[in-house]
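Report on the structure given below.
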Amino acid sequence: MAERTIAQAINDGLAEALTAPDVVLLGEDVGATGGVFRVSDGLLERFGAERVVDTPVAESGIVGAAFGMAVAGLRPIAEIQFMGFSTPAFDQVINHVARIRNRSRHRFTAPLVLRIPYGAGIGAAEHHSESWETLYVHTPGLKVVVPSRPFDAKGLLAAAVADPDPVVFLEPIRSYRAVKEEIPDEPYMLPIGVATVETEGSDVTLISWGAMMRETRQAAAVLAGRGVSVEVIDLRTLAPWDAPSVVESVRKTGRAVVIQEAARSVGFGSEIVAELQEQALYALLAPIERVTGWDTVVPLRRAEQHYVPGVERILSAVDRTLTS
Amino acid sequence: MTTPLQILAPDGTVRGEPQLSPEAAARAYEAMVTARVYDRKCSAMQRQGRLATYAPFEGQEASQIGSVAALRADDWLVATYRDAAAMWYQGYGMRNLILGRTGDERGGHPEEGVNVLPPSITVGGHMIHAVGAAWAEQIKGSGRIALTLFGDGATSEGDFHEAMNFAAVFATPTVLFCQDNGWAISMPRERQTAAASLADKAIGYGMPGVVVDGNDLFAVHAATSAAAERARSGDGPTFIEALTYRVGPHTTTDDPGRYRDDAEAALWRERDPLQRVRLHLETTGAWDEDRQQAVEAAATDLVEEAVAAAEALEPLGPGDIFAATFAEATPALEAQRRRLERDG
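Residue numbers (my numbering), protein chains in the order written: chain A, 1 to 324; chain B, 325 to 668.
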């Protein structure tokens, strides 16, 4: 066991993946620089330029080439530097990567991993703070994984690389170095599609994923101090997502607050609320609350804090569910 | 502009020594005849309501058969909705080509061992797939290469740039073969580029660009063979511009009379890529009317058999549409399948 940040855990996971000869890591500045977030630090030296590939600045080319590699039998891991830069590659993702299995009725597949750092909170330039997970979740044929902690990041990355289908692996930028924990040194794999009930409780269920898990945990700690029994669920995977665990929890607590960083309308939280409405309506003691970003462009550095949901916003929503 | 490479003139005379042996030339010609029978059958079937929209390739048979004739059986071919002749010649079963055009995903499944992707319907996104596949083969050290076919319109897409650039930067064993057929639906070549020649674009990427008479089987084969050899020996990609012509409509829903003079198409019909090979084969004594009729009859049988096999297949059932989204259907997809089967 060793203490690792999320960035280090992903680095460990990438290094383990690259020990297989069919795995290739490619992207802008992933080699010599070790990635803009240094997540692939040291991998070029260990695995060489044929397997850790610095590409031209061309996101569509990166994903399109990774698609061709995957179809031809490799296991490419493609990195896009920021979610805001993933749009040039979006055609490749939704029109080819996600569809080739269906288009060829299983004859060809694209088992690639598309790593995308996402989310706000580091005061970066425009296009560096987006949470567009819904775009990928809404695309049939993709799996979408969003770890919130080092243990999950390493285990889910291993599962993503091994998965027979394309996996979008979203990395929470502001948690890269802010969340640390002891994780096993040896390789391990966690199942895609299984949520974690991090804390058990009986009064209210908080449901979140990825970057927002930090604020969610902080809010839960405050609530626990106030004597509220909070159940905390980290979805870990958005496609497929673990609806049964969420439904079971809310049937027990009768109250739910869904916390997402993305814009409010038609965010993934809306899907969770819809599912709970279908499956847990009669157990509800209060309307389900959504704590979200707003239907605005993510503000730049000086006003960013107004956008990203903070602990106070979560506590207010929980208070409403407890008092209604 | 570079003078296009021509070996076989429209009158059937040959300049220099063709690389295709008389037997190989006869085989390629038989394939061209078969492809034309297939193409006309598909257009007819669409008019009968038996196929979804169909994109005919008539006039482009030399480009498609000639380029694929330069490949090995396990090389990659990544092509478009107008390239059924090429795909079939590289091993993609005719039944499934037709099945795909009837509107059935099972048509996207070529035989095991045939490295031909189902046709790309979006324009221009597929060339980089050939670059990626070739790159993978390079990493694996398999000796395989990839050929990608696309039209003049595709060179206007941003993805063309990325495919050319990646191929050249990483020296992937890829042949990028443009069938410059004059028209992208209603837009002439001049509206796709102000460049004198599409092949000139290759210079900017640091790869060779070659212009060939795309209606000349021998020239297409020679240029593609040289490019394939170059790719296989580790010297990187080549761009080939084959000057040809889409003598038919863009698709069966298109009316070329709205945007082009039929006199232009008529001129190209006279440059028919099949006719000149036949003239040449006749002068060598390798061909005569009896053999022509026998080949046409065999082609008709082959196509009819493929059509019958495709049409004999029951359409996908409601449960089947969920079966190829993932390797294994997710619980949510299973629930949706049950709902469809219950509620219709």
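Backbone N, C-alpha and C fix where the C-beta goes; we use that ideal spot for every residue, glycine too.
On a predicted model such as this, the values are computed, not experimentally measured, just so you know.
Only residues of its own chain outside the window of five on either side were considered, and among them Ile331 have a CB closer than 6 Å to the CB of Arg339 (chain B), listed in chain order. Trp400 (chain B) sits in a strand when the DSSP states are folded into three classes.
Taking a beta-carbon distance threshold of 7 Å, Ala653 (chain B) does not count as an interface residue toward chain A. In this structure, DSSP gives Val194 (chain A) a state outside helix and strand, which the three-state scheme calls coil. Spanning the alpha carbons of Thr426 (chain B) and Arg105 (chain A) requires a straight line of approximately 15 Å. Selection B:Pro380, B:Ile469, B:Gly431 and B:Ala633 evaluated against Pro573 (chain B) yields B:Pro380 as nearest (Cα-Cα). The beta carbon of Ser265 (chain A) does not come within 7 Å of any beta carbon belonging to chain B, so the residue lies off that interface.
Put simply, of A:Pro184, A:Ser245, A:Gln279 and A:Gly293 the residue whose alpha carbon is nearest the alpha carbon of Ala263 (chain A) is A:Gly293.
In this structure, the beta-carbon distance from Asp483 (chain B) to Gly448 (chain B) falls below 7 Å.
In chain order, Leu114, Tyr136, Leu142 and Val144 place their CB closer than 6 Å to the CB of Val168 (chain A), counting only its own chain and leaving out the 5 sequence neighbours on each side.
When the five nearest sequence neighbours on each side are left out, the beta carbons in the same chain lying within less than 8 Å of the beta carbon of Thr196 (chain A) are those of Asp152, Ile233, Asp234 and Arg236, in order along the chain. Boundaries of the beta strand (DSSP E) around Thr237 (chain A): Thr237 to Ala239.
Comparing alpha carbon positions, the residue from A:Ile272, A:Ile173, A:Pro140 and A:Ala162 closest to Ser129 (chain A) is A:Ile173.
In the structure shown, Asp335 (chain B) adopts coil according to DSSP, grouped into three states. Beta-bridge annotation (DSSP): Val440 (chain B) is paired with B:Leu401. Listed along chain A, the residues sitting closer than 9 Å to Glu429 (chain B) by beta-carbon distance are Asn102, Arg103, Ser104 and Arg105. Beta-bridge annotation (DSSP): Ile233 (chain A) is paired with A:Val197 and A:Ile207. The closest CA to that of Val627 (chain B), considering only B:Ala653, B:Ala393 and B:Val357, is found on B:Val357.
Contact annotation: the region 428-440 of chain B does not touch the region 351-366 of chain B, with fewer than three C-beta pairs closer than 8 Å.
A straight line joining the alpha-carbon of Ala648 (chain B) with that of Arg99 (chain A) spans about 9 Å.
Counting along the chain, Leu170 (chain A) sits inside the beta strand (DSSP E) bounded by residues Val167 to Pro172.
Distance between Gln8 (chain A) and Pro150 (chain A), taken at the CA atoms: about 8 Å. Partner residues in the beta bridge of Lys143 (chain A), as assigned by DSSP, are A:Val167.
The beta carbon of Gly417 (chain B) lies closer than 7 Å to those of Pro434 and Glu435 in the same chain, with the five residues before and after it left out. Bridge pairing for Asp54 (chain A): A:Gly27 [DSSP].
What Val455 (chain B) touches in chain A, judged by beta-carbon distance under 9 Å, is Gly61, Gly64, Ala65 and Gly68, going in chain order. Take Val250 (chain A), set aside five residues on each side of it, and the residues of its chain with a beta-carbon closer than 7 Å to its own are Thr205, Ala256, Leu276, Ala280 and Ala283, in chain order. Listed as beta-bridge partners of Val536 (chain B) by DSSP are B:Leu329 and B:Ala566. Comparing C-alpha distances from Arg290 (chain A) to each of A:Ala303, A:Gln305, A:Leu300 and A:Ser265 shows the shortest one belongs to A:Ser265. Your pair Gly383 (chain B) and Thr568 (chain B) checks out as a contact, with CB atoms roughly 6 Å apart and the cut at 8 Å. The C-alpha of Leu223 (chain A) is placed about 41 Å away from the C-alpha of Leu112 (chain A). Judged by their CB atoms, Ala458 (chain B) and Ile469 (chain B) are nearer to each other than the 7 Å cut-off. Under the 7 Å criterion on CB atoms, Pro442 (chain B) is classed as interfacial with respect to chain A.
For His433 (chain B), the chain A residues whose Cβ falls inside 8 Å of its Cβ are Ser104, Arg105, His106 and Arg107, in order along the chain.
Per DSSP, reduced to three states, the secondary structure at Tyr307 (chain A) is coil, with no helix or strand assignment. About 5 Å separates the Cβ atoms of Val455 (chain B) and Thr496 (chain B), confirming a contact at the 8 Å cut-off.
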